[in-house]
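In terms of my numbering, the sequence shown is residues 215 to 607.
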Amino acid sequence: MVNSELLVNTDASRFGIVVYGNTDTTVYLYSRSSDTNVLSLFWTLTSSNIELSQDLSTAFQLDSALKGVNVTKLDWTKKQLVPSGFVPVGVDSNTSVVISAVSADGSSFIVDGWMTNDLHIAFGEVVYHAFSGDNVFLFQSTPAGVRRYLLTDTTSTYLPYDVMTTQAAVYVVSNVNGSRIAFNGYQRGMSSSKAYVLDIAGPRYYIRGVCQDDTWCQVNLKCASTHYCYLPGSKSMPNNYFISVTRHEVEFDFASVNARDCFAAGSSPIGQVINSDNRIVANNTNVTIAIFDDKGNFSLIQVGLVSAADTSKIIIIDLKDNQSQVQMWLTSVCLNPAATSDVQVLSFSLPVDTTTTSADTTKSTTVRTSTYSSASTVGMGSAVIMVLVALLF
């Protein structure tokens, strides 16, 4: 089966039929003269790994050996390609990669999951991309759903995005302004799939909706420099963890990202890391462990930052006979201190035993997803402890 594609410029004065062969791609370029409505074959291009912009002004040719893309302009008068530049791309020359999408005006392109910065496609994912006709949005379809990236600055370390649907998707196309997309549903092992059309509501968006300026957000919200809508004066919240405490260890198991993250508070996380699925995740939940004895004395263990990439983290502790209370102090730390969360305190009371053998773990008390205010849990000595919190964070 031969795959082909039709490209038409804005005023329909030119169109191209792209035929993808096993080794080469042939582009049949048609043009309409100024004094007639008849379009005739004007020019034929044959090359390998070549893709054209929708307006038929720019061609991109992947050179895997040189790890880059040759950019050329189409000179319709002389019927030739004029070199315009070479863009290095972050791909492995030993890996088979393709140009998966080109913007309508030829200002941007995607090589698999890379466009100046890495879009961080999960390993092994089947991914497709499509630009909106006005080049404001980039849509990414995967078995996990469809994301919409806002193309504010393609050289930044990340692109703001929101999730359009969690319906598994392959292929995706967009209309001119990105208000409507079409995609095929995806089911592993199925030879056929269902097509979907999704209408996307336009501005004004709610908290954490992508934005170019304040007019994209609800009237009481603002557009942050990170290009997400947020409520001025709001604070973030730490990520959600399942926490288990015994006499010998504390275990953190990542549960979910808190919807009230740093972006939702008008900032960005103080750190980001790549998780095992090759996704960017926040590394900004600061953890401190406080251990109390029966006289109100306490010691601190500064764990530091934990992230969604830390699916499970174990801290070894060894409680003394007179130590029966453990507190976890969690803080979401943002680049803008005003968005940094208040300290979230989780309190765990353990039975006081006379021995500290491994059998004691069966007597431990596990408290999950319980939140306490610092005033109600700290008790005596709270003034001293809260001063320490202020110094630590």
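All C-beta atoms in this analysis are idealised placements derived from N, C-alpha and C, irrespective of residue type, glycine included.
C-beta neighbour in chain D for residue i, strict 8 Å
i	result
I414	Judged by its chain identifiers, the structure shown contains no chain D, having just a single protein chain.
Residue burial classification, residue i (beta-carbon count within 10 angstroms, cutoff 16)
i	result
A573	Low local confidence applies: a pLDDT of 30 at A573 is under 50, so the model's placement there is unreliable, and no value is given.
L221	buried
T264	The amino acid at residue 264 is misidentified as Thr; the sequence shows Ile. I264 is buried by the Cβ-count criterion.
V598	Low confidence applies to V598: its pLDDT is 27, below 50, so where it sits in the model is not reliable enough to give any reading.
T440	buried
A226	exposed
V186	This structure gives no information on residue 186, because the portion of the chain shown stretches from 215 to 607.
V390	exposed
V299	Per the sequence shown, residue 299 should be read as Gly rather than Val. Exposed, since its Cβ has fewer than 16 Cβ neighbours within 10 Å.
G595	Residue placement at G595 cannot be trusted, given a pLDDT of 27 that sits under 50; what the coordinates show is reported in the next sentence. Result: exposed.
G230	buried
A589	Low local confidence applies: a pLDDT of 29 at A589 is under 50, so the model's placement there is unreliable, with the coordinate-based value given in what follows. Answer is exposed; the Cβ neighbour count stays below 16.
V325	buried
G392	buried
T460	buried
N284	buried
P551	exposed
D475	buried
Q539	buried
G297	This sequence places Pro at residue 297; Gly is not what is there. Classification for P297: exposed.
S247	exposed
Q354	buried
L266	buried
S262	exposed
A356	The sequence shown places Thr at residue 356, not Ala. So T356 counts as buried.
V557	buried
Spatially closest choice to residue i from the options, by CA coordinates
i	options	result
D535	L364, V360, H462, A396	H462
N498	V471, D249, I515	V471
S458	D427, S526, F397	S526
F256	D289, Q275, A496, T502	D289
L259	A496, T240, S355	T240
Q454	N223, S262, W543, V303	The sequence shown places Asn at residue 454, rather than the Gln named in the question. If we check each option's Cα against that of N454, W543 comes out closest.
I414	G399, S388, R493, F300	S388
N489	G299, V384, S521, S563	S521
R228	L270, N236, G518	L270
V517	D524, I529, D507	I529
F323	V340, P452, F351, R493	F351
Y342	D348, L533, V312, D532	V312
V464	Y234, I515, R394	I515
C425	L295, T545, T366	T366
N236	P452, N217, Y242, S267	N217
A504	S563, P551, V547	S563
A523	F506, A496, D508	A496
G634	V540, F274, V487	Only positions 215 to 607 of the chain appear in this structure, which leaves residue 634 out of reach.
D507	L533, V559, R493, Q537	Q537
A318	L519, D348, V340, S262	D348
A315	S247, V487, Y410, Y385	Y385
G282	V301, T272, S267, P297	V301
D467	D475, F456, N511, N251	F456
A640	F345, L276, L364	Given a span of 215 to 607 for the chain in the structure shown, any question on residue 640 remains unanswerable.
Y372	L560, Y234, I494	I494
A279	T545, K287, V303	V303
C443	L364, L243, L412	L364
T554	K509, V252, I484	I484
R422	Y242, P374, Q558, E339	P374
L519	A383, V547, K509	V547
T286	T272, V340, Q268, K293	T272
Q541	L560, L549, Q381	L560
N492	I531, E339, D556, K509	E339
Q486	Q381, L549, Y234	L549
Y242	K292, K408, T224, E219	E219
Paired residues, beta bridge with residue i - DSSP
i	result
C548	P483
E339	Looking at the DSSP assignment, E339 forms no beta bridge with any residue, so it has no partner.
S346	DSSP lists no partner for S346.
Q432	Its beta-bridge partners do not exist; DSSP assigns none.
V411	A396
M542	I503, L560
D289	Q294
G518	V501
I531	In DSSP, I531 forms no bridge with anything.
Q188	Here the chain has residues from 215 to 607 only, and residue 188 is not among them.
A318	Answer is none; A318 lacks a bridge partner.
D376	R362
C425	In DSSP, C425 forms no bridge with anything.
| task | Assess, as a yes-or-no matter, whether the segment 479-493 is touched by the segment 438-452 under the definition of 3 or more beta carbon pairs within less than 8 Å. | result | Contact holds: three or more Cβ-Cβ distances are below 8 Å.
| said: Does the contact criterion of 3 or more C-beta pairs under 8 Å hold for the segment 434-443 versus the segment 416-423? | reply: Flag = yes, the segment 434-443 and the segment 416-423 touch.
| What beta strand (DSSP E) runs, 3 residues minimum, are completely inside the segment 443-489? | For the segment 443-489, whole beta strand (DSSP E) runs of length 3 or above, ordered along the chain, are 454-459, 463-470, 486-488.
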